[in-house]
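Peer 1: Going by UniProt numbering, the residue at position 322 of the sequence shown is 322; the numbering climbs one at a time, nothing skipped.
Note that beta-carbon positions come from the ideal geometry of N, C-alpha and C, so glycine has one too.
As the structure is a computational prediction, the values presented were derived from the model and not from experiment.
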Amino acid sequence: MIAREECQAACGYHPVEAGWYLAQMGFFAVVVPTLNAAADWPLFAPALLQNVRPEDVLILDSSSTDGTVDLAKAAGFQVHSIQRADFNHGGTRQLAVDLLPHADILVYLTQDAILADSKDIETLLTAFIDPDVVAAYGRQLPRQGAGPIESHARSFNYPALSDVRTLKMRDSLGVKTIFISNSFAAYRRSALKEVGGFPSNTIFGEDTIVAAKLLLAHQKVAYVAEAQVYHSHPYTWMQEFRRYFDIGVLHSRERWLQEDFGKAGNEGKRFVLSELKYLWPRHMWLIPSTIVRTCLKLIGYRLGKAEHRLSPAWKRRISMHSSFWQ
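#1: Need the endpoints of the beta strand (DSSP E) that residue 80 sits in, please.
#2: For a quick check, are the C-beta atoms of residue 137 and residue 180 less than 7 Å apart?
#3: Between residue 94 and residue 198, is the Cβ-Cβ spacing less than 7 Å?
#4: Whole angstroms are fine: how far does the CA of residue 142 sit from the CA of residue 154?
#5: When you compare the CB positions of residue 241 and residue 304, do they come within less than 7 Å of one another, or not?
#6: So, at 7 Å on beta carbons, what are the nonlocal neighbours of residue 96 in its own chain, with the 5 sequence-adjacent residues on each side left out?
#7: In terms of residue numbering, what span does the beta strand (DSSP E) encompassing residue 209 cover?
#8: Would you mind reading off the limits of the beta strand (DSSP E) that contains residue 294?
#9: Check whether the region 36 to 51 touches the region 110 to 125, counting contact only when three or more Cβ pairs, one atom from each stretch, lie closer than 8 Å.
#10: Going by beta carbon distance, what residues of the same chain come within less than 7 Å of residue 41, once the five residues before and after it are set aside?
#11: Name the two residues that bound the continuous alpha helix (DSSP H) containing residue 275.
#12: Which residues in the same chain as residue 161 place their Cβ atom closer than 8 Å to its Cβ, once the five residues preceding and following it in sequence are excluded?
#13: If distances are taken between C-alpha atoms only, which option among 186, 133 and 131 comes closest to residue 121?
#14: By the three-class DSSP mapping on this structure, what secondary structure does residue 174 have?
#15: What does residue 144 pair with, by DSSP beta-bridge criteria?
#16: Grab the span of the alpha helix (DSSP H) containing residue 98 for me, first residue to last.
#17: For the beta strand (DSSP E) holding residue 59, just list the boundary residues, first then last.
#18: Strictly by DSSP, which residues pair up with residue 114?
#19: Starting from residue 40, trace the alpha helix (DSSP H) both ways and give me its first and last residue.
#20: Got a sec, what are the start and stop residues for the alpha helix (DSSP H) residue 313 sits in?
#21: Give the range of the beta strand (DSSP E) segment to which residue 247 is assigned.
Written out as structure tokens, the structure is:
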């Protein structure tokens, strides 16, 4: 096993230089759900350790088999292990709230979200200077080597301009009002408690559900474009189909999201038009692929909305989160 001091030195952690602001605050924790994160570790851990003290990090590991737990302990992180079958996007993140009773603000990262700068977490937390801001999320940049379709998705959903959202903005933004991502987001504990915490039985989208509840409670959600991570995925056609099936399931089971904030159709149309404009003319050869991809997204979404008509076996076969249907 690597010694803790050796690992921290290799990762670039220096107590005086890294995370000094956060160390003074003393009221936050960083939560990272992991599953076989060893491949991500060489990029993920150094970036995180340049932002925070290791003792401020909780790794929630789902019974990894690649040495993730040893790597996390060597870095000085707190580690809590759960059975892989017990992982749930909302329930596992709520577990962190319960395990960290002294953290007033909880910052959530995913294992493949690489902090872009040594001040990104500090920058994200500045949103909470406004006492009415109860949640904040950062900008996600395309990973190194990302293709045009992957890059456009990030530029569309994570623009360069920060904003603060309130319930009143749903009239102009619609369902986009509740957009947030737990790949890099933070929440006030007190506000989470007031809305019942993260849901324990959702296929995914626990962040969206919480953001919607917070806004309905007349709180504010901030998008902090200056706080950045590298995080994107080169989804195949079938992965897009599966992902949108799960989005359809979310909207089918949480109908109130669209009833209170509007349907996703208009936002989807805006995305497609933006994507076509982005690809023309420099990447015009990708347009046929984009059309097929868009059709598969639509089919997957509609199947997800009608998931009550499908057998559990078919749902497991179609879903990106097949373990949800076990």
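Peer 2: If we stick to the structure as given:
#1: 78 to 81
#2: yes
#3: yes
#4: 6 Å
#5: no
#6: 31, 58, 60 and 106
#7: Careful: residue 209 lies outside any beta strand (DSSP E), inside the alpha helix (DSSP H) at 206 to 216.
#8: It is not in any beta strand (DSSP E) - residue 294 instead sits in the alpha helix (DSSP H) that spans 287 to 305.
#9: yes
#10: 71
#11: 265 to 279
#12: 225
#13: 186
#14: helix
#15: Note: residue 144 sits in no beta bridge, so no partner.
#16: 89 to 99
#17: 57 to 61
#18: 230
#19: From DSSP, residue 40 is part of no alpha helix (DSSP H); its letter is neither H nor E.
#20: 312 to 318
#21: No beta strand (DSSP E) holds residue 247; the alpha helix (DSSP H) holding it covers 237 to 253.
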